[in-house]
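Q:
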Amino acid sequence: MLHYTRCLIFCGLSLAAAAASADPESTLEHYARDPQQKVDEAYSKKIAEYTTATMFNSALTDYLPASATVPTPAKVLGDVAGAPNMLPYTKDIYRYFRLLADSSPRVKVFSIGKSEEGREMIAVAIADEALLADLKDNDARLAQLADPRTIGMDDTKAAALVAKTTPVYYITGTIHSTETGAPTALMELAYRLAVDDAPYIKGIRGRVITLITPVVEPDGRDRMVDLYNWHRAHLGENYPHLLYWGHYVAHDNNRDAMGMTLNLTRNVMNTYVGWHAQVLHDLHESVPFLYDNTVGDGPYNAWVDPILTNEWQQLGWDNVQQMTQFGMPGVFTHGDFDTWSPGYLMFIAAMHNGISRLYETFGNHGADTEERILSPDEYSRTWYRQNPPLAKVTWSQRNNNNYEQTALLSTLNYFADNGKQFLQNFYRKSKRSIEKPANGGPAAYVLSAEDAHLGAQAELLRILQLQHVEIQRAGSAFTAQVIAPPEKKDDNKTSDKTAESKDKSADTAKDTKPKLVARNFAAGSYIVRMDQPYSRIADALLDRQYWAPEDAQKHPYDDTGWSMGDQFGTEVVRVTDGGILNIAATSMTGTISAPGGVHGDGAIYVIDNHADIALITLRYAFKGADIAVAEKAFDANDRHFNAGALIVRGANGKSFADKLVELGLDAYAISAAPDVTTHRLSAPRIALMHTWLDTQTEGWWRMALDKLKVPYTYINTQTVAREDDLRRKYDVILFGPVGVDNSQLIVDGLPMWGNTMPWKTTPLTPNMGNIDSTDDIRPGLGGTGVAHLRKFVEQGGLFVTSSDSAKFAIDEGLAPGVFVASAKDLRVVGSVLGAEIVDAASPIAFGYSKNFALYSPNGMAFTVSNLVTGDDGIANAKDYKRPTGRGGPNEIDIVQSRGDSELPALPSAKPWQALPLNAQQQRNNPFAIPAGLRPKTIVRFADADDLLISGLLQGGGALAQRAAVVDARLGHGHTLLFANNPIWRGETIGSYALVFNAMLNFDHLETVESAK
Ligand SMILES: [Zn+2]
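In case it helps, my numbering puts the sequence shown at residues 298 to 1309.
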C-alpha cells in the first residue's frame, strides 16, 4: 500500500543534511567496476540527471557499462530505465528482454503462461553462457536436492551435488499494478548482469542463475500504463485510481498462494517449482525508501523450518548493512509485516523449501517526480531503522530503480558468495520436510471416501495438486489410529452449552497427550503423506491456526486463520500415528475429481444435495431441463436424500450423463417420482453489482461465478441509478462486499467537484473499459438507485449482500428488522468461526449439516427484531433485575395485603432471535413488522465454546450465538444478509452454496415452512 500523507509540518529538512554517511573503502573496492570496460556516458549522464540527490544512488548503479553488441533499455524505452513521465507496456518490456536474449548468450527468455486476459508471462534467465548451456543438467542436480528421496536421503551424495550445482534466484516484479518501478529496474538489472565486467558482477553471473519475471500481473500493468498516459495527457486534473488491477482482484493477487485461483499464481508456482529455485523475491513499492520485509515481524508462520527463519534474518540484515554502507538512507528489514499467513506470492518459496523475500521500495504510483511528505511513523528513527527515510523528499522513478537495483545486486552478490551454504540449506529443508512424520509430525492427513462433501473435497485436493503436493489413494479399506474426536453434538439440541459440558472441556484441557482411537476408512480414501518434500504447504493449509489474543503483535497483517478443510466444509483427519505410512496406496497422477455419473435405470434422476458448488453449474448447463428440488429429505430406492436433492426428468441423454461425470455429481435413476413436496429449481437471471469506489472484494465473487460458468450481467451502481425497472431484467442482484464500510459513499459516490474521471476504452487507453466502463466514475448509486433497488426487492427480487454491503442494506432500509450487533470488545481478524444452521427448512440451508465453518473478516454479526426500530428498550427476561423488596435475590417480591403476587412472564429470546411482541406492543404500532415480513435468521454463530476454529478471537461473547445469515423480507422479495463473507479468495468453498441455494430458490424462499 502506498501512503500519500499530505503534511506540511516537516517540509524544512534539507536533503543534503541527511546524507552524512561514508562509504568504507573496502565496500567500494569490492563493488568497483572494471576500469577497462567503457561506460555508456550518455546513459550514465541521464541516470544522474533523473536521480534527485546523490545519496539516492550508489556506485553500483550510477553508471551503465557500454556494450558494442547488447542494446541498453534505451533502445526500447527511448530513454533510460526509470526516466520520468513514461511507463512501458508489457509488450515493450518483453521486446527488450527478447532483444537481450538475441544479442547475449548470457540471457534466455521463457514463456511461462498466460494471464486471464490472454497476456503472456515470461521468465528470463541470466548467467554465464557456460551455466546457461548446462541448464538442463544443473536442474537435474537441483531436482535431486529438492527431493532427497532420489538420493536415498544421503548427505554425502547431497554434498557432492551441492559442490557441482548452481543455485537459482528468482525475482518477480510488479505483481501490484500501481507499483510501477520494477519492470524498468529489472530491464536494466538484466543488462548489467549480462554485460558488466565488474568483478562482483562476474562473480554473480558465474555462481547464480538469476531468473526474472518482470511483470507478474500483465493485465493490470497495461491498464496502469493506460491510466498513467491519460494522466500525462490531462496534467493538473484528477484521475481515477486503478479500479481493476488484474482481471479480478487488486492487491489480493498477493494473497492467492493458498487458494491458487489466479493464473499468475499458478504460473509463478510452476516456474518456481519447475526450476527448483532457492529464492522467490517479490518486488513491491510503497514503503520509504526500501523495506526488505524478509525479517518483518512476528508471529512467524508456524509451519516453516527454523532454518528458513534464520535465512530471513541472515539475508535481510546483510542487505540492510550493505545498503547502509553505500550511504543510502531509509533501508531497513524489521518492520510491521508479520510472516504468519502463507498467502503471499513469495511464500510459494517458504512453503516449498526455498527462501521467501520481498522488497517494498518507494514510489509515486507512476513515473512523475514528486515532492513527498512522509508521516512520523515513516521517518522516525527506531532500533531497526537507524538511518531512517527523510521526512520530506523529492522522489523520482529513477530513485526507485536505483534502490531496487542496488539492493538486488548487493543481495545477489551475498547470495553468490554463500551459494553453497544456501544450496545445502535447500537440501536440508527438503530432507527435513520428508522427515516431518518423525519430527513434529503429523504423519499424514486422510480425506475419507465417505465424506459427505466429496465435491468440496475434490476442490481441496485439486488445490493441493496445484501446490505440487503428492496425493495417494488407498485401493482398499484401512484402519488408522487417529485422535479421538470430540464428543458428538446432539443435532436436535440448540440450547446453550450446559455447565456439565463446560466441565468436560476443562477436563480434556488437562490431558497433555491426545487419546488415539482406531478409525476405519473406506477404499478410495485419500492420504496426504507428510514424508514428502512439499509436506509443509499441505500441513499449513490443512492444519488449524491459533493466534493468541495476548500475542505481542496487535495488528495482524492479514487473515489469522484459514484451515482449508473447515472452510471447504470437508473433513481432513490429522493422523499423527506413523502406522498410516504403511498403508498401501497409489499415487494420483491426473487431476482429482469427485466420483460422478448415472447409477441404475429409470426415467427420473435424483441428485443428492451436499451443498456442492457444481449443482449451480449443472442448473445453468441445462437451463431448459425439468429440474425440481425436494423441499424435505426423503428415501427412494433404499437411498436417503437430503432436502434440496434435485429431481431431474427427461434428461437421460449422453450429454447430461457426461456433464455429471465432469462435475463429479452422482445421479441415481428411479422409475417413479418420490413422495416429497418439490418446486421447480430456478435458473435465475443474475446481476452482479459493483461500485466505482473499489472492485477488489466483489472480484472474488465475480471469479467464482465465472469459474462455475454461472451467467450474469455485470452492472454498477450507476446502471442501477438509471434503470427504473430492474425486476424486468433480473431475478437476483448480488452486491458482494464493497471494501468501503461507508453506506453514504456508496450512495453519494466521489465528490462531484473537479473534472470528470472516465474509465473506458479510448485510443489513449486501449486496455481500460474491457471489464466495465463509465464516462465518469464519480456518481454513486444516488437516492434514485436506492429507490430502484427497493422496488426490485418489493417486486419479488432477491438482493444478496455481505459485510459492508449488508450494512448498506440495513442503513438504506432494505432489511427491516435487521441490525448490526454491537461489537463491544470483540476482536476477529480474518478468522474461521463455528456456525450453526437454525432454520434447516429454509432452501438457503439445503445440503448443509447442522454445524459448519464460516470465514469472518471482522466479527460482524446481526441482531433481528420484529420492530423496524429494534428490540432495544423492550422489557425481557434476560435483562430483568428484581427490585428491592422481600425475599432472596431469586425470589419475587410480594405486595402486602394483596393476593396477586404472580407477575406476567417477560419475553425471552436467544441472541439470534427477535423478542416476541405482546398484544400491547403490537397494538396500533406502525413499527411492528407484520408476521409474514419479519426477518428470519438462517445461520447463527456457534456457542462461545465452539466459536473459534482457526485464527484470532477475543471477546467472543459479543458474537456467540448471534445471527450470521439473515433472510429479510421487503414487499414480495428478500434481502439476504451475510455478516460473514461467503465467497473469499477461493478459500471458502464450504459457504458458497448458501449464496447459490438462495439464488436458485429465490422464488421459493417462502414456500417451505420454516422451522420455529
Ligand atoms: Zn505491493
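We put the beta carbon where it would ideally sit given N, CA and C, even for glycine.
Can you give me the start and stop residues for the beta strand (DSSP E) that M418 sits inside?
A: Mapped onto the sequence shown, residue 418 falls at position 121. Where M418 is concerned, the enclosing beta strand (DSSP E) stretches over 417-423.
Q: When burial is assigned at 16 or more other CB atoms within 10 Å of the CB, is I1189 buried or exposed?
A: If you number the sequence shown from 1, residue 1189 lands on position 892. So I1189 counts as exposed.
Q: Does the contact criterion of 3 or more C-beta pairs under 8 Å hold for the segment 524-543 versus the segment 482-492?
A: No, because fewer than three Cβ pairs between the segment 524-543 and the segment 482-492 fall closer than 8 Å, the two stretches do not touch.
Q: Is there at least one non-hydrogen atom of ligand 1 closer than 8 Å to the beta-carbon of N551?
A: Here residue 551 refers to the residue found at position 254 when the sequence shown is read from its first residue. At least one heavy atom of ligand 1 is nearer than 8 Å to the Cβ of N551, so yes.
Q: Starting from the N-terminal side, write out each stretch of the beta strand (DSSP E) that is 3 residues or longer and does not extend beyond the segment 830-877.
A: Correct list: 870-872.
Q: Under three-state DSSP, which class holds S474?
A: Residue 474 sits at position 177 when you count from the first residue of the sequence shown. Residue state, collapsed to three classes: coil.
Q: What residue ranges within the segment 483-532 form continuous alpha helix (DSSP H) runs of no fewer than 4 residues, ordered along the chain?
A: Listed in chain order, the complete alpha helix (DSSP H) runs (minimum 4 residues) inside the segment 483-532 are 496-504, 515-530.
Q: Could you pull out every residue in the same chain whose Cβ sits closer than 6 Å to the Cβ of A547, ignoring the five residues on either side in sequence?
A: Here residue 547 is taken as the residue at index 250 of the sequence shown, counted from 1. Within the same chain, A547 has close Cβ partners Q993.
Q: Does DSSP put K388 in a helix, a strand or coil?
A: Counting from 1 along the sequence shown, the entry for residue 388 is found at position 91. Helix.
Q: Do you know whose CA, among A740, A1241, T988, N598, lies nearest V825's CA?
A: Counting from 1 along the sequence shown, the entry for residue 825 is found at position 528. V825 has its Cα closest to that of A740, out of A740, A1241, T988, N598.
Q: For L396, I'd like the list of residues in its chain whose CB is within less than 8 Å of its CB, leaving aside the five on either flank, ordered along the chain.
A: For this step, residue 396 is matched to residue 99 along the sequence shown. Once the five neighbours on either side are set aside, the close Cβ partners of L396 are P368, K372, V373.
Q: Could you check what DSSP says for K951 in three-state terms: helix, strand or coil?
A: Counting from one through the sequence shown, the residue named residue 951 turns up at place 654. Correct three-state label for K951: helix.
Q: At 4 residues or longer, and completely inside the segment 1184-1263: list those alpha helix (DSSP H) runs for me, N to C.
A: You should have 1216-1219.
Q: Within the same chain, show all residues whose beta-carbon is closer than 7 Å to that of F1299, passing over the 5 residues directly before and after it, in chain order.
A: Position 1002 of the sequence shown, counted from the first residue, corresponds to residue 1299. Correct list, in chain order: S979, P981, D1028, V1029, L1095.
Q: Please go through the same chain and pick out, in chain order, the residues whose beta-carbon is closer than 6 Å to the beta-carbon of Q1251, but skip the five residues on each side of it.
A: Counting from 1 along the sequence shown, the entry for residue 1251 is found at position 954. For Q1251, where only same-chain residues beyond five positions count, the Cβ hits under 6 Å are P846, R1124.
Q: Strictly by DSSP, which residues pair up with S1128?
A: For the purposes of this step, residue 1128 is taken as the residue at position 831 of the sequence shown. BP columns for S1128 point to S1153.
Q: Quick one: what's got a C-beta closer than 6 Å to A1276's C-beta in the same chain, skipping five residues either side?
A: Along the sequence shown, read from residue 1 onward, the residue named residue 1276 stands at position 979. Result list for A1276: M1157, A1158, F1159, A1261, in chain order.
Q: When you compare only the Cα positions, how much space is there between H750 and A1112?
A: Position 453 of the sequence shown, counting from 1, holds the residue named residue 750. Position 815 of the sequence shown, counting from 1, holds the residue named residue 1112. Approximately 32 Å, taken between the alpha carbons.
Q: With DSSP as the reference, label P362 as helix, strand or coil.
A: Here the question's residue 362 lines up with position 65 in the sequence shown. Note: P362 maps to strand in three-state DSSP.
Q: Start and end of the beta strand (DSSP E) containing I344?
A: Locating residue 344 in the sequence shown gives position 47, where the first residue counts as 1. First-last for I344: 338-347, but that is the alpha helix (DSSP H), not the beta strand (DSSP E).
Q: Output needed for S1247: all residues of its chain with C-beta closer than 6 Å, excluding positions within five of it in sequence on either side, in chain order.
A: As a working mapping, residue 1247 is identified with position 950 in the sequence shown. Result list for S1247: R841, Q842, G858, S860, V1129, in chain order.
Q: Considering only C-alpha positions, which residue in the set N699, W1209, R678 is nearest to A380?
A: On the sequence shown, residue 380 is found 83 positions in, with the first residue counted as 1. Selected option, being the one with the closest Cα: N699.
Q: Checking 9 Å against the spacing of the C-beta atoms, do I834 and M648 come in under that value?
A: Within the sequence shown, numbered from 1, the residue matching residue 834 stands at position 537. Within the sequence shown, numbered from 1, the residue matching residue 648 stands at position 351. Yes. Within cutoff.
Q: Suppose you measure from the CA of F623 to the CA of L325; what does that come to, to the nearest Å?
A: Sequence index remark: in the sequence shown, residue 623 carries index 326 (1-based). Sequence index remark: in the sequence shown, residue 325 carries index 28 (1-based). Each residue's alpha carbon lies about 8 Å from the other.
Q: From the DSSP output, which residues share a beta bridge with K1006?
A: As a working note, residue 1006 is residue 709 in the sequence shown. DSSP, once it has assigned bridges, lists no residue as partnering K1006.
Q: Please return the same chain residues whose Cβ sits closer than 6 Å to the Cβ of M1296, not counting the five positions on each side in sequence.
A: As a position in the sequence shown, residue 1296 is number 999, starting the count at 1. Excluding positions up to five away in sequence, the list reads P981, V1029.
Q: Cβ-heavy atom distance between I472 and ligand 1 below 8 Å?
A: Reading the sequence shown from its first residue, position 175 is the one you call residue 472. Yes - ligand 1 has a heavy atom lying nearer than 8 Å to the Cβ of I472.
Q: Does ligand 1 have a heavy atom nearer than 8 Å to the CB of S412?
A: As a working note, residue 412 is residue 115 in the sequence shown. Flag unset: Cβ of S412 not near ligand 1.
Q: Short of 7 Å in beta carbon distance, which residues of its chain neighbour R725, apart from the five on each side in sequence? Order them along the chain.
A: For the purposes of this step, residue 725 is taken as the residue at position 428 of the sequence shown. Excluding sequence neighbours, R725 sits near I604.
Q: Looking at the secondary structure, which residues open and close the alpha helix (DSSP H) in which T1313 lies?
A: The requested residue 1313 does not occur in the structure, where the chain is confined to residues 298 to 1309.
Q: Bridge partners for I409 per DSSP, in chain order?
A: One-based indexing of the sequence shown puts residue 409 at position 112. None; I409 has no bridge partner.
Q: According to DSSP, is H1044 helix, strand or coil?
A: On the sequence shown, residue 1044 is found 747 positions in, with the first residue counted as 1. Looking at the sequence shown, residue 1044 is not His but Val. Residue state, collapsed to three classes: helix.
Q: Among G1253, V570, V1037, which residue has its Cα nearest to the Cα of I409?
A: As a working note, residue 409 is residue 112 in the sequence shown. Selected option, being the one with the closest Cα: V570.
Q: Go ahead and pull the three-state DSSP assignment for E667.
A: Taking the sequence shown and counting its residues from 1, the one referred to as residue 667 is at position 370. Of the three classes helix, strand and coil, the one that applies to E667 here is strand, per DSSP.
Q: Let me check one thing: in DSSP terms, what residues is I645 bridge-paired to?
A: Taking the first residue of the sequence shown as 1, we reach residue 645 at position 348. Answer by DSSP bridge pairing: none, since I645 is not bridged.
Q: From I901 to F1143, what does the alpha carbon distance come to, in whole angstroms?
A: Position 604 of the sequence shown, counting from 1, holds the residue named residue 901. Position 846 of the sequence shown, counting from 1, holds the residue named residue 1143. Whole-angstrom Cα-Cα distance: 20 Å.
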